[in-house]
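Down below is the structure, laid out as structure tokens.
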Amino acid sequence: MSGDDQPLAEQKEDEDKSDDEEQLKIVEENEQHKESSTDGGEASVAVVEDIYGRPVIKSVNGSEMPSTYLPPHLRRKRQAEAEVAAAAAATDKVKPLQMDEQAVRELRRRIYGQLNRISEPNMESVVLYIEKVYRENGRSLVNEILLETLLQTTCHPRQVMTPLTKVGGALVAALYHSVGSEVGGFFVEALVRKLMDSVEKEKRQLSGSTDTHLSNECDDDGRTSKVPVNLMLFVMMLYNFGVVHCTLVYDLFQSFVDSFSSTDIELIHQLLIVGGAQLRADDADALRQMVAGVQQKVGEAPQVNSGKQSDQRVRFILDLIYSLKKASRHGNNRNSGSTGGSALDVSSLKKWLGRVKTRCGNVNNPLRVSLHELLHADEDGRWWIVGGTWIGYQQKSIGGVTSADAADDTARGNNRLLNLAEKHHMNTDVRKKIFVALMGATDCFDAYERLLQLHLKEKQEREIVRVLLHCCGQENKFNKYYMVLAEKLCEMDPRYKFTFQLAFWDIFKIMESLKPRRLYNQARMLSGLVMNNSMSLSCLKVLDFTQLEEKSILFLRVVVEEILKVESEVEMTLAFQRLLHSKKAQLVIDGLAVFFHQHLTSFRSEPDPKTRLLLKKRVKSVKRLLDQLAKSAASADNEAALV
Numbered sequence: 001m002s003g004d005d006q007p008l009a010e011q012k013e014d015e016d017k018s019d020d021e022e023q024l025k026i027v028e029e030n031e032q033h034k035e036s037s038t039d040g041g042e043a044s045v046a047v048v049e050d051i052y053g054r055p056v057i058k059s060v061n062g063s064e065m066p067s068t069y070l071p072p073h074l075r076r077k078r079q080a081e082a083e084v085a086a087a088a089a090a091t092d093k094v095k096p097l098q099m100d101e102q103a104v105r106e107l108r109r110r111i112y113g114q115l116n117r118i119s120e121p122n123m124e125s126v127v128l129y130i131e132k133v134y135r136e137n138g139r140s141l142v143n144e145i146l147l148e149t150l151l152q153t154t155c156h157p158r159q160v161m162t163p164l165t166k167v168g169g170a171l172v173a174a175l176y177h178s179v180g181s182e183v184g185g186f187f188v189e190a191l192v193r194k195l196m197d198s199v200e201k202e203k204r205q206l207s208g209s210t211d212t213h214l215s216n217e218c219d220d221d222g223r224t225s226k227v228p229v230n231l232m233l234f235v236m237m238l239y240n241f242g243v244v245h246c247t248l249v250y251d252l253f254q255s256f257v258d259s260f261s262s263t264d265i266e267l268i269h270q271l272l273i274v275g276g277a278q279l280r281a282d283d284a285d286a287l288r289q290m291v292a293g294v295q296q297k298v299g300e301a302p303q304v305n306s307g308k309q310s311d312q313r314v315r316f317i318l319d320l321i322y323s324l325k326k327a328s329r330h331g332n333n334r335n336s337g338s339t340g341g342s343a344l345d346v347s348s349l350k351k352w353l354g355r356v357k358t359r360c361g362n363v364n365n366p367l368r369v370s371l372h373e374l375l376h377a378d379e380d381g382r383w384w385i386v387g388g389t390w391i392g393y394q395q396k397s398i399g400g401v402t403s404a405d406a407a408d409d410t411a412r413g414n415n416r417l418l419n420l421a422e423k424h425h426m427n428t429d430v431r432k433k434i435f436v437a438l439m440g441a442t443d444c445f446d447a448y449e450r451l452l453q454l455h456l457k458e459k460q461e462r463e464i465v466r467v468l469l470h471c472c473g474q475e476n477k478f479n480k481y482y483m484v485l486a487e488k489l490c491e492m493d494p495r496y497k498f499t500f501q502l503a504f505w506d507i508f509k510i511m512e513s514l515k516p517r518r519l520y521n522q523a524r525m526l527s528g529l530v531m532n533n534s535m536s537l538s539c540l541k542v543l544d545f546t547q548l549e550e551k552s553i554l555f556l557r558v559v560v561e562e563i564l565k566v567e568s569e570v571e572m573t574l575a576f577q578r579l580l581h582s583k584k585a586q587l588v589i590d591g592l593a594v595f596f597h598q599h600l601t602s603f604r605s606e607p608d609p610k611t612r613l614l615l616k617k618r619v620k621s622v623k624r625l626l627d628q629l630a631k632s633a634a635s636a637d638n639e640a641a642l643v
């Protein structure tokens with residue numbers, strides 16, 4: 001068949017190919033002409049990296065490739081060629097440790113020499129020297145060498161290296177504030193990954209599922225390796241020194257309780273011994289969950305404790321948790337407990353870290369990173385690293401919707417929420433971001449994750465409480481979503497409890513100017529926080545119970561009635577008994593007694609007859625309780641005056 005007899009489709013395809021080749025040839029000739037005019041010769045393509053490590057195609061002279069317009073299909077072809085060139089260049093790229101082996105050996109020798117002489121008295125000089133090393137060399141290289149050296153000195157397979165791990169954790173904490181938060185993020189991620197890997201390896205060795213030549217971390221007489229214990233000790237030291245938040249510790253504890261092998265039991269014991277006092281101070285309520293989790297696991301799977309040693313460890317863990325829970329009733333001192341004066345006492349190092357923060361003038365908050373985020377950092381990214389990327393959950397395809405479509409929907413939703421935030425007088429960028437996070441979340445857990453991703457500073461976090469109370473007051477009906485989120489915030493960071501108290505005091509000042517619906521919703525919020533022990537009725541001490549106006553009476557009636565309606569009478573009694581542990585207890589108790597006698601005489605607004613009967617019964621019991629509490633508070637004041 002001749003060329004004239006070819007089908008029209010084939011002729012069209014040949015013409016398109018020839019046109020593409022001609023256009024691409026013209027573009028290449030133009031580029032070669034530009035290169036020859038600048039360099040006087042032919043320039044080859046070089047592959048470099050941007051600041052995030054991504055390959056960028058540049059010419060030899062350092063200038064970027066010419067930005068001549070190309071049609072989409074030719075642009076895709078050029079991009080494919082660039083990716084092939086980048087892959088070829090990546091295979092030939094020299095690793096940092098191979099660039100100058102002599103310099104790396106010298107750097108390793110300097111760091112190892114400083115760690116050999118490290119101790120509590122000379123911590124300052126060692127830290128200053130390591131800071132100098134960071135300034136003179138790349139941070140990634142120093143991080144790798146410092147981590148390798150610390151693991152060599154602290155992760156002994158036969159001994160628990162408590163003293164060295166303690167000063168090593170203090171060193172990392174000091175560098176976390178003086179050098180940058182990325183140092184702490186690197187060490188936390190590396191240590192947690194090595195910890196989980198060593199735990200899995202130890203379990204395989206104990207179960208006999210691996211070959212004998214892999215058991216290089218066991219003693220000759222069959223004793224288990226101490227590498228997981230030393231790594232757990234290092235992570236807990238970072239927690240004690242404020243590098244990582246208690247969220248990670250709770251995740252580790254839950255992970256160990258779920259499997260509850262002999263190795264997990266030993267790690268739980270180490271976790272509570274080292275960080276129990278600070279866990280008690282950060283979140284005493286979580287201790288009850290720890291007790292319940294361990295007891296439930298022991299009851300469900302008693303066979304895991306077939307060994308005498310494991311059985312003794314479980315009983316000791318339960319006793320330890322109980323003693324920590326009991327001690328939390330007497331005080332929340334972070335340094336209290338059985339570790340004072342022992343090898344685990346870190347009070348002197350904490351004081352030294354305070355001086356380091358003062359010297360640097362830069363204080364980084366603990367990293368609020370979860371175990372899941374650390375273990376999946378390669379897939380989801382590292383939001384805790386400056387300049388790092390984060391995939392999260394919004395960019396993943398769900399139900400056949402592409403990530404681009406989901407991103408567009410999210411952007412449109414955020415724009416609508418931003419307009420709504422302006423209508424609600426959110427006059428700062430921080431408040432607008434918080435408003436979008438609260439109103440755009442699917443549930444309270446999603447809202448909590450969104451708030452964490454805002455990376456707010458300590459002072460900016462206070463705005464969360466004020467925006468939360470504002471949104472709660474604007475609802476047509478009380479929405480428990482806000483109360484559950486408030487409980488979550490107070491549970492994860494006790495500082496929110498005081499912030500909520502200050503926010504309610506501000507509400508008390510303008511109470512008479514607020515609408516009844518807003519007062520009702522915020523009163524329900526206060527009663528819920530009181531019942532879950534996030535707040536106390538002592539916050540009412542700023543009110544004058546003898547001169548209450550109409551809306552103040554409405555607010556207090558809602559708070560008190562919600563407390564009286566709780567299912568458990570014991571919990572109701574505890575809510576009032578906690579008044580004895582607060583300052584000015586006598587003032588609040590007497591004020592509540594006056595309020596009960598004057599404003600809680602009838603409950604005609606309650607439609608349910610059974611509820612009305614319950615309220616009348618509990619009002620009588622609370623009146624008697626308040627009389628007893630008043631006598632106890634008066635006697636306590638007299639004893640304090642005598643002292």
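Anchor point for the sequence shown: position 369 equals 369 in full-length UniProt numbering, and the numbering is continuous, going up by one each time.
The beta carbon of each residue, even a glycine, is placed where N, CA and C say it ideally should be.
L417 places its beta carbon less than 8 angstroms from that of M439.
For K617, the closest of E124, K357, R578, K565 by C-alpha to C-alpha distance is K565.
Under a 10 Å Cβ-count criterion, D282 is classified as buried, with 16 or more other Cβ atoms of the shown protein chains found around its own Cβ.
Secondary structure note for H599: its alpha helix (DSSP H) is the uninterrupted segment 585-599. Secondary structure of V160 (DSSP, three-state): coil.
Under the three-state reduction of DSSP output, V356 falls in the helix class. V244 has L367 as its beta-bridge partners, per DSSP. In chain order, L468, C471, C472, M525 place their CB closer than 7 angstroms to the CB of Y482, counting only its own chain and leaving out the 5 sequence neighbours on each side. Under the criterion of beta carbons closer than 8 angstroms, L629 and L580 qualify as touching, at roughly 6 angstroms. The stretch 156-163 makes no contact with the stretch 184-202; the number of CB pairs closer than 8 angstroms stays below 3.
By the CB criterion at 8 angstroms, V183 and L175 fall inside the cutoff.
Taking the Cα of R368 as reference, the smallest distance to any Cα among A292, L489, T358, R431 is reached at L489.
Just measuring C-alpha positions, the residue of E463, L485, Q453 sitting nearest F445 is L485. Here G138 carries a coil assignment [DSSP, helix/strand/coil]. Annotation for A437: the continuous alpha helix (DSSP H) segment containing it runs 429-439. One Cα belongs to V559, the other to S536, and the distance between them is close to 12 angstroms.
In the displayed model, G361 falls within coil according to three-state DSSP, outside both helix and strand. Within the model, the alpha-carbon separation for V172 versus L238 is close to 8 angstroms. By the 16-neighbour rule on beta-carbons within 10 angstroms, T165 is buried.
The C-alpha of V244 is placed about 22 angstroms away from the C-alpha of E120. One alpha carbon belongs to K541, the other to F260, and they sit about 47 angstroms apart.
Assignment of G275 by DSSP, reduced to helix, strand and coil, places it in the helix class. Assignment of G180 by DSSP, reduced to helix, strand and coil, places it in the coil class.
A residue is called buried once 16 or more other Cβ atoms fall within 10 Å of its Cβ, and G275 is buried on that count. Counting only runs of at least 4 residues, the UniProt domain "MI" (429-545) fully encloses the following alpha helix (DSSP H) elements, listed from N- to C-terminal order: 429-439, 444-453, 458-474, 480-492, 495-509, 516-531. Of all alpha-carbon atoms in K480, E148, S255, the one lying nearest the alpha-carbon of R109 is that of E148. For F576, the closest alpha carbon among the candidates L592, E567, K583 is that of L592.
By the neighbour-count definition (other C-beta atoms within 10 Å, threshold 16), A292 is an exposed residue. Pairwise C-beta distances place the stretch 315-323 out of contact with the stretch 138-148, as fewer than three of them are shorter than 8 angstroms. Bounds of the alpha helix (DSSP H) holding I553 are 550-564. The C-beta distance from V356 to V127 rounds to 7 angstroms, short enough to fall under 8 angstroms.
By the neighbour-count criterion, in which a residue is buried when 16 or more other Cβ atoms sit within 10 angstroms of its Cβ, T154 is buried. Taking C-beta atoms as the reference points, Q453 and W383 count as a pair closer than 8 angstroms. Annotation for D378: the continuous alpha helix (DSSP H) segment containing it runs 377-380.
In terms of Cα proximity to L272, the closest of N427, T263, V249 is V249.
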